[in-house]
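Number of protein chains: 2
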Amino acid sequence: MESHAVIRALGALAQEHRLAVFRLLVQAGPDGLPAGALSEAVGLPASSMSFHLAQLSHAGLVGQRRQGRSIIYSADFAAMNALMAYMTENCCGGAPCVTATACC
Amino acid sequence: MESHAVIRALGALAQEHRLAVFRLLVQAGPDGLPAGALSEAVGLPASSMSFHLAQLSHAGLVGQRRQGRSIIYSADFAAMNALMAYMTENCCGGAPCVTATACC
DNA sequence: CCAATAATTCGATAAATATCGAAATATAGA
DNA sequence: TCTATATTTCGATATTTATCGAATTATTGG
Chain A
5 MESHAVIRAL GALAQEHRLA VFRLLVQAGP DGLPAGALSE AVGLPASSMS
55 FHLAQLSHAG LVGQRRQGRS IIYSADFAAM NALMAYMTEN CCGGAPCVTA
105 TACC
Chain B
5 MESHAVIRAL GALAQEHRLA VFRLLVQAGP DGLPAGALSE AVGLPASSMS
55 FHLAQLSHAG LVGQRRQGRS IIYSADFAAM NALMAYMTEN CCGGAPCVTA
105 TACC
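Chains as they are written, first to last, in our numbering: chain A, 5 to 108; chain B, 5 to 108.
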């Protein structure tokens, strides 16, 4: 993962509503959630949510697919994995920041 | 780690120059580096670097100590650890995003 | 085909961020 | 004590980000 992509991903998560959305999508798993459900859950108007979803999407952290009238968003676990790997490698002094007990 | 602190930490790292600075500090280890050295390494005027260091400091990701005329900054590995733990717990679906091979 | 639903795009605006030079603060050494 | 060095704070400005309602696009069901 390039540092430019890392910065974009970190920036995407560094916002109250977007972090909340991403956590919801992680909980929801591969099935994901429609934009409207996220909008309602977070308590933002649809247009604002659309803005945030675009940021997450542009950062590669979420995928989207259409299902009827709805657009379903889901967390991209591979992208999150890559981000965590970069952070572990470059920001934790080589040794993993997350201790073995938490990890294994 | 609270989500507010997480957002602040992510935001602190989500910037080209600050990510570069933090990586340098991680490399430097506990000894850290003086503000001037960071300023020169990254290629920013001292006042700009001071702004970025304040952000990292406010986010709790770096510590600082005075040594003579210089102020030495160093990465706060415990804070980074806490950030990684939060991400692993809340953004990776419980299972660690960093694979066992990379971690153990 | 038309009305209703789900989302996005568009404008406009407010707020936060990044940048830099100049001025101020603190420390060390002659 | 004065001067030089290291850094921060201040003030000004440009850019980016977040917000919302209104208008637009896409899809479904009658």
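Built from N, CA and C at the ideal position, the CB exists for glycine as well.
- Distances from the alpha-carbon of B:Arg27 to those of B:Val46, B:Arg12, B:Asn94 and B:Gly40 put B:Val46 closest.
- Proximity to B:Val25 across B:Ala9, B:Tyr90, B:Val10 and B:Ser61 peaks at B:Ser61, based on C-alpha coordinates.
- Using beta-carbon distances, A:Phe55 does not count as an interface residue toward chain B, since no partner is under 8 Å.
- Between the C-alpha atoms of B:Arg22 and A:Gln68 there is a straight-line separation of about 31 Å.
- Your pair A:Leu57 and A:Ala39 checks out as a contact, with CB atoms roughly 6 Å apart and the cut at 8 Å.
- Counted as a single uninterrupted DSSP element, the alpha helix (DSSP H) harbouring A:Gln31 occupies residues Glu20 to Ala32.
- Taking C-beta atoms under 8 Å as the contact rule, A:Ala63 and A:Ala13 qualify, at a distance of about 5 Å.
- In the structure shown, A:Ala79 falls within a strand segment according to DSSP collapsed to helix, strand and coil.
- Linking B:Val10 to B:Glu93 through their CA atoms gives a straight-line distance of about 12 Å.
- Within chain B, the residues whose beta carbon sits less than 7 Å from that of A:Gln19 are Ile11, listed in sequence order.
- In its chain, beyond the 5 residues on either side, Ala39, Gly40 and Ser43 have a beta carbon closer than 8 Å to the beta carbon of A:Ala50.
- At a Cβ-Cβ threshold of 8 Å, B:Gln59 and B:Ala16 count as neighbours.
- Between A:Ile76 and A:Leu37, the C-beta gap is smaller than 8 Å, which places the two residues in contact.
- Looking at the backbone, the Cα of A:Glu20 and that of A:Asp35 are separated by about 23 Å.
- Secondary structure of A:Gly67 (DSSP, three-state): strand.
- Under the DSSP definition of a beta bridge, B:Ser74 partners with B:Gln71.
- Taking the beta carbon of B:Val30 as reference, the chain A residues within 8 Å of it are Asn94, Cys95, Cys96 and Gly97, listed in sequence order.
- The beta-carbon of A:Leu60 is placed no less than 8 Å from the nearest beta-carbon of chain B.
- Taking 8 Å as the cut-off, the beta carbon of A:Ala86 is found no closer than this to the beta carbon of A:Leu29.
- Annotation: the continuous alpha helix (DSSP H) that includes A:Gly15 extends over Ser7 to Leu17.
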